[in-house]
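A short worksheet on the structure shown next.
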Amino acid sequence: MTYVVTDNCIKCKYMDCIEVCPVDCFYEGDNMLVIHPDECIDCGVCEPECPADAIKPDTEPGLDKWLQINDEYASKWPNITAKKDAPADAKEFDGVEGKFEKYFSAEPGEGD
Numbered sequence: 001m002t003y004v005v006t007d008n009c010i011k012c013k014y015m016d017c018i019e020v021c022p023v024d025c026f027y028e029g030d031n032m033l034v035i036h037p038d039e040c041i042d043c044g045v046c047e048p049e050c051p052a053d054a055i056k057p058d059t060e061p062g063l064d065k066w067l068q069i070n071d072e073y074a075s076k077w078p079n080i081t082a083k084k085d086a087p088a089d090a091k092e093f094d095g096v097e098g099k100f101e102k103y104f105s106a107e108p109g110e111g112d
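Residue numbers for the sequence shown follow the UniProt record's numbering, so the first one is 1 and each next one is one higher.
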């Protein structure tokens, strides 16, 4: 099992999860984070820290797509180990439907 970041992170990109991760398995995209599934130790401390409820265990039904996205982009995006400020409009995008199709960016973030 691993944890995955799902679509509600897109354009919210809260980084509370990064501060509690003991193995630094988060990677930063332009407008979301992902978890490297081979680095995640399944401790679960990140899940309750996400204000947008965007982190889920991959054992939940329907998350195969997100496991693939996390795996793919964790190998392309830079590692991030320090919390940064969320986007100014993050609250406006929390809970918006269809964020992957409308807003996902494959571009990398800055990382550390």
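Every residue gets a Cβ at the ideal spot worked out from N, C-alpha and C, and that includes glycine.
Given the structure is predicted, the values throughout are model-derived calculations rather than measurements.
- Under the 10 Å beta carbon count, Cys17 is surrounded by 16 or more other beta carbons and is classified as buried.
- Per DSSP, the unbroken beta strand (DSSP E) holding Glu28 starts and ends at 26–28.
- DSSP places Ile55 inside the beta strand (DSSP E), whose first and last residues are 55–57.
- With the rule of 3 Cβ pairs closer than 8 Å, the stretch 82–92 does not count as touching the stretch 33–45.
- Setting aside the 5 residues that flank it on each side, Met32 is surrounded in the same chain by Cys9, Ile10, Lys13, each with a C-beta closer than 6 Å to its C-beta; the list follows chain order.
- Annotation: the stretch 31–88 contains the following complete segments of the beta strand (DSSP E) (minimum length 3 residues), in chain order: 33–35, 55–57.
- Non-local beta-carbon contacts of Trp77 in its own chain, meaning distances under 8 Å to residues more than five positions away in sequence, involve Tyr27, Glu28, Gly29, Val34, Pro108, Gly109, Gly111 in chain order.
- Taking every protein chain shown into account, the CB of Ala74 has 16 or more other CB atoms within 10 angstroms, so this residue is buried.
- In chain order, Cys12, Ala52 place their CB closer than 6 Å to the CB of Asp94, counting only its own chain and leaving out the 5 sequence neighbours on each side.
- Sixteen is the threshold: when 16 or more other Cβ atoms of the shown chains lie within 10 Å of the Cβ of Asp7, as they do, the residue is buried.
- Rounded to whole angstroms, the Cβ separation of Val5 and Asn70 is 6 Å, and the two are in contact under 8 Å.
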